[in-house]
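Trainee: Take any residue in the first sequence, count from 1 to its spot, add 378: that is its number in our numbering.
Beta carbons are placed, not taken as given, at the ideal position from N, Cα and C, and that holds for glycine.
On a predicted model such as this, the values are computed, not experimentally measured, just so you know.
Could you have a look at this structure, given as structure tokens, before my questions?
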Amino acid sequence: MKTMFWLLDINYEVKNDTPEIWLWGIDDSGKRVLLIDRAFPAYFYAVVEDGANPQRVVEEIEKEQYSLVVKLEVVERKFFGKSVKAIKVYCKNPDVIPRCARVLRSIEGVKDCLEDDVRYSMQYLTDNNVIPCGWHEAEVAEEKNTTSIHVDKVYTINLPPKSIEKAEAPRLKILGFSSICYGKEGSPKPDRNPVIIISTKTSTGEAKQFLAQEDKNDKLILEEFIDYVRKFDPDIIVGYGINTQDWPYLSERCRKLGFRLNIDRAGTEPHTSVYGHVSLTGRANIDLLDFADEFPEVKIKTLENMADYLGVMKIEKRTLIEDMDFPGYWDDKDRREVLKKFSMENTDSVMGIVEALLDFAMQLSNLVSLPLDHVGTVAVGFRVEWFLIKHAKKIGELIPKRIEQSYRPYVGGLVLTPKPGLHENIAVLDFKAMYPNIMIAYNLSPDTYIASDEPIPYSGVFEAPEVKHTFRKEPPGFYKEVLTYLINVREEIRSKMKTLSAKSVEYRVLDARQKAVKVITNAAYGYAGWIGARWYKKPVAEAATAWGRSTIHNAIKMAEKAGLKVVYGDTDSIFLSYEPEKIEPLSKEVEEKLGLEIKPDKVYTRIFFTEAKKRYAGLLPDGQLDFVGLEVIRGDWAAIAKKVQGKVLEIILKEQSPKKAARFVQQYVSELRQKRVPYRDLIIWKTLTKPVEEYEIKASHVEAAKMLTAKGWTLTVGDKVGYVVVAGTGRLYERVKPYMLASYNEVDVEYYVTKQIIPVAARILESFGITEEQMLVSKAEERETRKLTDFFGS
DNA sequence: GCGTTCAATGTACCT
DNA sequence: ACAGGTACATTGAACGCG
């Protein structure tokens, strides 16, 4: 019989030495199904030495009498574009591949073994074109569900599934959750601190809250939660930070209480696998925190900040409670209600965010062929890589090994020194997808690279400026083909979107798709220059930036020749005087002569540059302000400094009154000295980028982190530490305290005046001739001002 | 012995 | 665990001064 299914999750099992591929899905009638394929052999390739006789090598391998090898087959493949003879080595099961490959590597006539490092389940997907988050049709036979598999139907696959074009996902059952634990001594520990609240919400609209008992006994709440999950039987379980927090905690807590967290579809516990993601067999576990990196504008990646940014739940309307206050809230009957509300809002936020991101996640999964629960957890480089692997399989290319490389830096993009001060009517021209298009235009790829000692091919070569790397013109290389495909596909999607209503399901799916395509396109250049990449080739990345520099350089020359004043530029953008009648022909000329498309991005009514690169502020025609690089948008400055700089820039750009700006600074400093600004605006947040003990120097945030650790809080790499500077003597790092361990009256206000507010204000106002002294009021004046404001009110 | 100088360290940003 | 280019604060050792 035939069945249709949408692929949700994949895993493999080895039963009696026979590997089985398990495909978990949803069929077209909404049934949850498991399809088992027992016919896919585990294999890898032994590449035959040039000139060696493949048949002889096969015999050599056979001589080994290697019992783990099932079959040998001589095949034609390509490796970096060159035809090679290889032996496809079929193994008994995937687990023995590494051992087999090791043995075969030392056999005469075997140049190397390949694809022994590609996971069996991924080989299955890429070889058969079976695609996560995609529909398929398979020839199957129904099996009796004798095991404890939690699905409606179990099938045996007779023929590998065929992918079907159908964009829309089935109706999925989604369960969002968040949990709260009770621990008075810092971070809760699962071996002694209970789970007190678990809040859940489903895609069917059911909200539920599980509470520990009055004595904080949490056996029941956990059992009820497990029961509930199993009963609802979600396809997707989603949360925020759950891979590192909730899952390990709940899992360990259950064990401690004598039972298992059995919530998947196969009767096993959540297991942490390859990329540090938590896998729930048969379901897709999604940690939304993994997608937070897609939004660099969210500086501190908390759930409430993400929900706020995505318009899911505005932060002003949010119940917010700090971790350290949980016990206090729980212990107080009235405040417990607030804690419950907070917890439910967390889950509501989770559900809102998944609504906003799920389409993208599914499209990314579908595009690169990584299962839905994997695609979020892997680094960008691996997303690109899986997309490349999929393409390589299609064209018969063998997958290169990851080779350990030493880090060799190379020169990147060109950054112009800005013309400092204010400028009026400045347009920004951007090269469209500069690096991908350069890679296409000059056929940059590991397989087209011609080393200096190699003969120049018949088709001729492109020679990169400055670095002089050469790449053959024909035929198109691996990267060129892939990037051309991606760019074309994105254009197709975008033109199709234009024919649809923005509210339609299809439009949403296509929009998510084009975003996924864009992400992969834009990451390809970085991937090529990443030493961890299978398709790493330094000259490729180095040539791309070299052509980038020459391109922008030439564009600037053309602009100046056309009488346009260029005030700034960075990598693929040029800032110049807005004269539409000159810019129009300039774009045309650039495109014609340089072969790359350049297009106007925006026009600033007024723009301000300091003497530094990568830092400016602009006023847009609609009155909006654009801040780039400056402290006002940086996450590691106290809010007071950011506010002051933002306001100063606003006054400068909108009113052009440095004096007024200086007066504002004076006023603010005065407010601060009177401690009239909120305490939380004094917190400085910095990320721990390595384990505390590995720091070579004493740093403020690290010292603050140590204080928290001493109090029982667990801090890990990537965590943000918030501290304030308190009064005292000695080095700065000796005068900091975690903000929750300090009080306002300890704060060293003068530090904030001289090291936070004044420098960031001066950065702007200096270029208008205003000195630091002019931003400060003398102490005597200060006292006078205070008397007056006290008298008249401020 | 003590203040000054400057390279190194660390973080976060831009394209 | 995609790239390089850049700004800036702070540390800590070298340096200079008698």
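I'd like to know whether the C-beta atoms of residue 628 and residue 639 end up nearer to each other than 8 Å.
Mentor: In this structure, residue 639 lies closer than 8 Å to residue 628 by Cβ.
Trainee: Which of helix, strand or coil does DSSP assign to residue 398?
Mentor: Strand, per DSSP.
Trainee: Spell out the partners DSSP gives residue 491 in its beta bridges.
Mentor: BP columns for residue 491 point to 424.
Trainee: What would DSSP say about residue 528, mapped onto helix, strand or coil?
Mentor: Looking at residue 528 - three-state DSSP - the assignment turns out to be coil, as it is neither helix nor strand.
Trainee: Taking the CB atoms as reference points, tell me whether residue 518 and residue 534 lie closer together than 8 Å.
Mentor: Yes. Within cutoff.
Trainee: Where in the region 648-734 do unbroken runs of the beta strand (DSSP E), each at least 3 residues long, occur, reported from the N-terminal end onward?
Mentor: 649-651, 655-657, 662-665, all fully within the region 648-734.
Trainee: With burial defined as no fewer than 16 other Cβ atoms inside 10 Å of the residue's Cβ, what is the status of residue 1082: buried or exposed?
Mentor: Counting Cβ neighbours within 10 Å, residue 1082 comes out buried, since at least 16 surround it.
Trainee: Beta strand (DSSP E) containing residue 793: first to last residue?
Mentor: Taken as a continuous stretch (DSSP letters only), residue 793 belongs to no beta strand (DSSP E), as it is neither H nor E.
Trainee: Am I right that residue 984 and residue 800 are in contact with their C-beta atoms under 8 Å? What's the rounded C-beta distance?
Mentor: Yes, residue 984 and residue 800 are in contact; Cβ-Cβ is about 6 Å, under 8 Å.
Trainee: Roughly how many angstroms lie between the CA atoms of residue 624 and residue 890, to the nearest whole one?
Mentor: When rounded, the distance between both Cα atoms is 28 Å.
Trainee: With residue 473 and residue 483 assumed to form a contact (beta carbons below 8 Å), what rounded beta-carbon distance in angstroms separates them?
Mentor: Actually they do not touch by this definition, with Cβ atoms about 18 Å apart.
Trainee: Suppose you measure from the CA of residue 588 to the CA of residue 689; what does that come to, to the nearest Å?
Mentor: Distance between the alpha carbons of residue 588 and residue 689 is about 27 Å.
Trainee: Can you grab the Cα-Cα spacing for the pair residue 1180 / residue 560, in whole Å?
Mentor: Residue 1180 lies beyond the stretch modelled for the chain, which goes from 379 to 1172, so this question has no answer here.
Trainee: Looking only at C-alpha atoms, which of 802, 417, 558, 748 sits nearest to residue 496?
Mentor: Comparing Cα-Cα distances from residue 496 to each of 802, 417, 558, 748, the minimum goes to 748.
Trainee: Beta carbon of residue 921, beta carbon of residue 849: below 8 Å?
Mentor: Cβ distance < 8 Å, so residue 921 and residue 849 count as in contact.
Trainee: Since residue 769 and residue 860 should fall inside the 8 Å C-beta cutoff, what is the C-beta to C-beta distance between them, to a whole number of angstroms?
Mentor: With 8 Å as the limit, residue 769 and residue 860 qualify as a contact, their Cβ atoms being about 5 Å apart.
Trainee: I need the straight-line Cα distance from residue 598 to residue 578, nearest angstrom please.
Mentor: Each residue's alpha carbon lies about 16 Å from the other.
Trainee: Under a three-way DSSP split, which group does residue 1141 fall into?
Mentor: Here residue 1141 sits in helix by DSSP.
Trainee: According to the Cβ coordinates, are residue 389 and residue 659 closer than 8 Å?
Mentor: Yes, the Cβ-Cβ distance between residue 389 and residue 659 is below 8 Å.
Trainee: When the Cα atoms are used, what is the spatial distance from residue 1016 to residue 990?
Mentor: Distance between the alpha carbons of residue 1016 and residue 990: 21 Å.
Trainee: For residue 1172 and residue 1058, I'd like the C-alpha separation in whole angstroms.
Mentor: Summary for residue 1172: the model assigns pLDDT 42, below 50, so the residue's position carries little reliability, and this model does not support an answer.
Trainee: Answer with buried or exposed for residue 773, where buried requires no fewer than 16 other C-beta atoms within 10 angstroms of its C-beta.
Mentor: With fewer than 16 other Cβ atoms within 10 Å, it is exposed.
Trainee: Quick check on residue 761: does DSSP put it in helix, strand or coil?
Mentor: Residue 761 falls in the helix class under three-state DSSP.
Trainee: With a cut-off of 8 Å on the beta carbons, I'd call residue 382 and residue 415 a contact; round off their distance for me.
Mentor: Actually they do not touch by this definition, with Cβ atoms about 16 Å apart.
Trainee: Determine whether the beta carbon atoms of residue 669 and residue 750 lie at a separation below 8 Å.
Mentor: Taking 8 Å as the Cβ cut-off, residue 669 and residue 750 do not qualify as a contacting pair.
Trainee: With a threshold of 7 Å (Cβ to nearest heavy atom), would residue 761 be considered close to the ligand MG?
Mentor: Looking for the ligand MG in the displayed structure turns up nothing, as the structure carries no ligands at all.
Trainee: Sorted by chain position, which residues of the same chain lie with C-beta nearer than 7 Å to residue 1022's C-beta, five sequence neighbours on each side aside?
Mentor: So the qualifying residues of the chain are 1043, 1046, 1135, 1138, 1139.
Trainee: Might you give, ordered along the chain, the residues of its own chain that have their beta carbon closer than 7 Å to the beta carbon of residue 764, omitting 5 neighbours on each side?
Mentor: These residues qualify, in order along the chain: 746, 747, 748.
Trainee: Hey, out of 590, 1108, 818, whose CA is closest to residue 708's CA?
Mentor: If we check each option's Cα against that of residue 708, 590 comes out closest.
Trainee: Alpha carbon to alpha carbon, how far is residue 1111 from residue 909?
Mentor: C-alpha separation (whole angstroms): 36 Å.
Trainee: Could you check whether residue 557 and residue 399 sit closer than 8 Å to each other, using their CB atoms as the reference points?
Mentor: Not closer than 8 Å, so no.
Trainee: DSSP three-state label for residue 917, please.
Mentor: Helix, per DSSP.
Trainee: Skipping 5 residues on each side, what residues in its chain have a beta carbon closer than 6 Å to that of residue 825?
Mentor: So the qualifying residues of the chain are 458, 459, 855, 856.
Trainee: Should residue 923 go down as buried or exposed, given a rule of 16 or more other Cβ atoms within 10 Å for buried?
Mentor: By the neighbour-count rule (16 or more Cβ atoms within 10 Å), residue 923 is buried.
Trainee: What first and last residue would you give for the beta strand (DSSP E) that runs through residue 389?
Mentor: Its beta strand (DSSP E) spans residues 380-393.
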